[in-house]
Amino acid sequence: MAGHASVREVRDEELEAVLALWRDAYGTVGVTDSLGDVLQAANGATSVVLVAEEEGRIVGTVIGGFDGWRGNIYRLAVHPDYQRQGIARRLVCDLEARLADMGAKRITALVERDHLWATGFWDAVGYGLDAGMGRYVRNLQSTPPRRWLPGEDSNLEPSG
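7 is the number of the first residue of the sequence shown in the working numbering; add one for each residue after it.
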C-alpha cells in the first residue's frame with residue numbers, strides 16, 4: 007500500500023473524519039479537539055490542515071501554522087492500519103513546503119516526549135530536540151485570561 011495515499015488540504019465535510027482519526031491514532035481527546043477548532047485551523051489565513059487519503063479514506067492528518075515568525079506543526083497522525091508506509095513523511099514534507107511558502111524559516115513540531123515512536127520519527131526526518139526550551143501551557147477554558155486594567159498593581163500574584 008505504500009505510496010498510494012495522496013496528500014491535500016482537508017475539506018470542511020471531512021473534519022469529523024479528522025477528529026475520528028485522532029481518536030483512533032492517539033486514544034485521547036484534547037481541549038482543542040472540536041469541530042469548531044479544527045474548522046478554524048482549516049480555514050485560517052496562516053494555517054492549514056492536510057490529510058492523506060487512500061481509496062477514499064482519510065488515513066493521515068497534520069496541522070500547520072505560521073505565526074509570522076516561525077512555522078509550527080501539530081497533530082501529525084496516521085491511522086494505525088496505515089503506519090510505517092511513509093505517509094507521515096509525505097504529510098510533513100508537503101507541510102514544510104507550504105510553511106516555507108508562507109515565510110517560515112524555522113519550523114517547530116509539537117511532540118509528546120514520552121511517545122518514543124513519535125520522537126524517533128522526528129529525529130529520523132531531521133528535527134532535533136531543543137533541550138533549552140520548555141513548553142508552558144494555560145487552558146483558557148478552566149482559567150480565563152485576566153484583563154489588565156490601568157492602575158492595577160504590577161506585583162499581582164500569578165493565577166492558575
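The beta-carbon is built from N, C-alpha and C at its ideal position, and this holds for glycine as well.
Considering only heavy atoms of the ligand ZN, does any lie closer than 7 Å to the CB of F72? The ligand ZN is absent from the structure shown, which contains no ligands of any kind.
Close-in-space but distant-in-sequence residues of the same chain around A31 (CB under 7 Å, 5 per side omitted): A83, V84, H85, P86
Any idea which residues DSSP pairs F72 with across the strands? G77
Does A94 get closer than 8 Å to chain B when you measure Cβ to Cβ? The chain inventory of the structure shown lacks chain B, comprising one protein chain alone.
Hey, how far is the Cα of V55 from the Cα of A115? About 14 Å.
How should R47 be labelled, buried or exposed, when 16 other C-beta atoms within 10 angstroms of its C-beta is the threshold for buried? At residue 47 the sequence reads Ala, which differs from the Arg that was named. Answer is buried; the Cβ neighbour count reaches 16.
Identify the continuous alpha helix (DSSP H) that holds V57 and give its terminal residues. Counting along the chain, V57 falls outside any alpha helix (DSSP H), though it belongs to the beta strand (DSSP E) covering 53-60.
What did DSSP end up calling R104 once you bin it into helix, strand or coil? helix
DSSP three-state call for L82: helix, strand or coil? It is a strand residue.
From G109 to G70, what does the alpha carbon distance come to, in whole angstroms? If I take the Cα positions, the gap works out to 13 Å.
What do you reckon, are the CB atoms on D107 and V13 nearer than 8 Å? Contact: no.
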